[in-house]
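A.B. asks: Let me begin by handing over the structure; questions about it come next.
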Amino acid sequence: MLNEKPYMDSTHTSQPNPNINDLVSKVKDLPPLPNIVSRAMEIAHDPNGSVRELQILIAKDQALSAKILRIVNSAMYALRREVSTVSHAVSVLGIDTVFSVIMAASVENVFQSAKSLGTKLLSEHSWGTAIAARAISKRVQYEKPEEALVCGLMHDIGKPILMQNYRDRYNEIANDVYRGMTSFHQSELMAFGFSHAHVGALLARKWNFPPQLAEAVGYHHNPITAPRFRKLACIVSLANSLMISMEIGFQKDKNLKVSELPAAEELKLSKPALDTIANETKSAIEATSKMGN
Ligand SMILES: [Fe+2]
Ligand SMILES: [Fe+2]
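Residue 1007 in our numbering sits at position 114 of the sequence shown; the count goes up by one each step and never skips.
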């Protein structure tokens, strides 16, 4: 599996395309996928897998159950009544959505376990990107908005992993970004020959997440060059740019003209449409953070 061609590109650099075997040897500290998530994936992908089986599995893990209920009850799903049990969540949202929420919960674990690199900022930025990606998907009629949500949440997951693997060098990079001198993507490419986007794609593959997720994460800084799943890559990239323009996260640029980015053009999203999405996202983030998400 890991010998396949990686979901990567090198458009913005003179560095050669990173080789996946090389990357595996350089980024040794990749977090494992929790057992419960791999079991849930088996059930979700099994044509004979039942909703009941999934409910029983999740109910066994209290931490996961709590996380799922928190996500499901967040403003993102706009449910009329609060959902208080996992079985109810599964029956209300359906197996596919709950499965996306399980993936989201496992991605969130990685942020929480990396106690560095402004974990709170990164987590806010990632949740914001997830909410915006879901809103953009609905606007452009992407058929799987939950998939876009997981991609949004996961897009920068390579950052805490790089921090764990290259602490000193990465601290320097983070300082430069914080002072507005460079971007993570550019300086990582200069320092390592690959970026957090590539590491995120590697993790998505290691976790056996669907190939479109790996590609969208791997190309979120160059979405137009994504070979197979360009629409999803553009959605995630645009959601990330919206967060930068709304100053949510480490990198801030309120002058960024999101509607002029190639991804906005590709998705045919005008400035008024993007403004509406930004407002919807802002309200959803505010409502969600009131619930402690
Ligand atoms: Fe990124
Ligand atoms: Fe980002």
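Even for Gly, the Cβ is constructed at its ideal location relative to N, Cα and C.
Can the beta-carbon of residue 1080 be found less than 7 angstroms from the beta-carbon of residue 1066?
C.D. replies: To locate residue 1080, count along the sequence shown from 1; it is residue 187. To locate residue 1066, count along the sequence shown from 1; it is residue 173. Yes, these two residues count as a Cβ contact at 7 angstroms.
A.B. asks: From 1003, 1024 and 975, pick the residue whose C-alpha is nearest to that of residue 1141; which is it?
C.D. replies: Along the sequence shown, read from residue 1 onward, the residue named residue 1141 stands at position 248. Nearest option by C-alpha distance: 1024.
A.B. asks: Run the Cβ filter for me: residues under 5 angstroms from any heavy atom of ligand 2, listed in the order they occur in the chain.
C.D. replies: Those residues are 1049 and 1133, given in chain order.
A.B. asks: For residue 964, tell me which candidate among 1001, 1129 and 947 has the shortest Cα-Cα distance.
C.D. replies: To locate residue 964, count along the sequence shown from 1; it is residue 71. Measuring from the Cα of residue 964, the nearest candidate turns out to be 1001.
A.B. asks: At 4 residues or longer, what runs of the alpha helix (DSSP H) sit wholly inside the region 921 to 965?
C.D. replies: As far as the region 921 to 965 is concerned, its whole alpha helix (DSSP H) runs of at least 4 residues are 928 to 938 and 944 to 952.
A.B. asks: What is the DSSP secondary structure of residue 1047, reduced to helix, strand or coil?
C.D. replies: Taking the sequence shown and counting its residues from 1, the one referred to as residue 1047 is at position 154. It is helical.
A.B. asks: Would you grab the beta carbon distance between residue 1114 and residue 1138 for me? Rounded to a whole angstrom, and I think it's under 8 angstroms.
C.D. replies: Position 221 of the sequence shown, counting from 1, holds the residue named residue 1114. Position 245 of the sequence shown, counting from 1, holds the residue named residue 1138. Not quite, the Cβ-Cβ distance comes to about 15 angstroms (not below 8 angstroms), so this is no contact.
A.B. asks: What three-state label does DSSP hand residue 974 in the structure shown?
C.D. replies: Numbered from its first residue, the sequence shown carries residue 974 at position 81. The answer is coil: DSSP assigns residue 974 none of H, G, I, E or B.
A.B. asks: Helix or strand or just coil, what does DSSP make of residue 1020?
C.D. replies: Counted from its first residue, the sequence shown places residue 1020 at position 127. In the structure shown, residue 1020 sits in a helix (DSSP, three-state: H, G or I).
A.B. asks: Go ahead and label residue 1197 buried or exposed: buried means 16 or more other beta carbons lie within 10 angstroms of its beta carbon, across all protein chains shown.
C.D. replies: This structure cannot settle anything about residue 1197, because the visible part of the chain is limited to 894 through 1186.
A.B. asks: Would the beta-carbon of residue 1050 fall within 7 angstroms of that of residue 1093?
C.D. replies: In the sequence shown, the residue the question calls residue 1050 occupies position 157. In the sequence shown, the residue the question calls residue 1093 occupies position 200. Their beta carbons are under 7 angstroms apart, which means residue 1050 touches residue 1093 by this criterion.
A.B. asks: Decide if residue 1158 is buried, meaning its Cβ has at least 16 other Cβ atoms within 10 Å, or exposed.
C.D. replies: Here residue 1158 refers to the residue found at position 265 of the sequence shown. Label assigned to residue 1158: exposed.
A.B. asks: Would you tell me roughly how many angstroms separate the C-alpha atoms of residue 1166 and residue 1030, rounded to the nearest one?
C.D. replies: What you label residue 1166 is simply residue 273 of the sequence shown in a count that begins at 1. What you label residue 1030 is simply residue 137 of the sequence shown in a count that begins at 1. Taking the straight line joining both Cα atoms gives about 12 angstroms.
A.B. asks: If you pair each beta-carbon of the region 1099 to 1106 with each one of the region 1052 to 1071, do three or more pairs fall below 8 angstroms?
C.D. replies: They do not touch, by the three-pair rule.
A.B. asks: Residue 865 to residue 996, Cα distance in whole Å?
C.D. replies: Given a span of 894 to 1186 for the chain in the structure shown, any question on residue 865 remains unanswerable.
A.B. asks: Please return the same chain residues whose Cβ sits closer than 6 angstroms to the Cβ of residue 1088, not counting the five positions on each side in sequence.
C.D. replies: Within the sequence shown, the letter at position 195 stands for residue 1088. Around residue 1088: 1078, 1081 and 1082.
A.B. asks: Classify residue 994 as helix, strand or coil using the three-state DSSP reduction.
C.D. replies: Position 101 of the sequence shown, counted from the first residue, corresponds to residue 994. Helix, per DSSP.
A.B. asks: Taking C-beta to C-beta, are residue 927 and residue 984 nearer than 7 angstroms?
C.D. replies: Position 34 of the sequence shown holds residue 927. Position 91 of the sequence shown holds residue 984. No; because the gap between Cβ atoms is not below 7 angstroms, this pair is not in contact.
A.B. asks: Where residue 1136 and residue 1174 are concerned, what is the direct C-alpha to C-alpha distance, given to the nearest angstrom?
C.D. replies: Within the sequence shown, residue 1136 is the residue found at index 243, counting from 1. Within the sequence shown, residue 1174 is the residue found at index 281, counting from 1. In a straight line, the C-alpha of residue 1136 is about 9 angstroms away from that of residue 1174.
A.B. asks: Can you tell me which of the three DSSP states residue 1099 falls into?
C.D. replies: Within the sequence shown, the letter at position 206 stands for residue 1099. Helix at residue 1099.
A.B. asks: For residue 931 and residue 986, I'd like the C-alpha separation in whole angstroms.
C.D. replies: The residue you call residue 931 lines up with position 38 of the sequence shown. The residue you call residue 986 lines up with position 93 of the sequence shown. Each residue's Cα considered, the two are about 20 angstroms apart.
A.B. asks: Spatial neighbours of residue 1026 within its chain, please: C-beta separation below 7 angstroms, excluding the five flanking residues on both sides.
C.D. replies: Walking along the sequence shown from the start, residue 1026 turns up at place 133. Result list for residue 1026: 1041, 1042, 1044, 1045, 1128, 1129 and 1132, in chain order.
A.B. asks: Between which two residues does the alpha helix (DSSP H) holding residue 1144 run?
C.D. replies: Residue mapping note: residue 1144 aligns to position 251 of the sequence shown, counting from 1. From DSSP, residue 1144 is part of no alpha helix (DSSP H); its letter is neither H nor E.
A.B. asks: Could you compute how far the alpha carbon of residue 1177 sits from the alpha carbon of residue 1018?
C.D. replies: Along the sequence shown, one-based indexing puts residue 1177 at 284. Along the sequence shown, one-based indexing puts residue 1018 at 125. Going from the Cα of residue 1177 to the Cα of residue 1018 covers about 13 angstroms.
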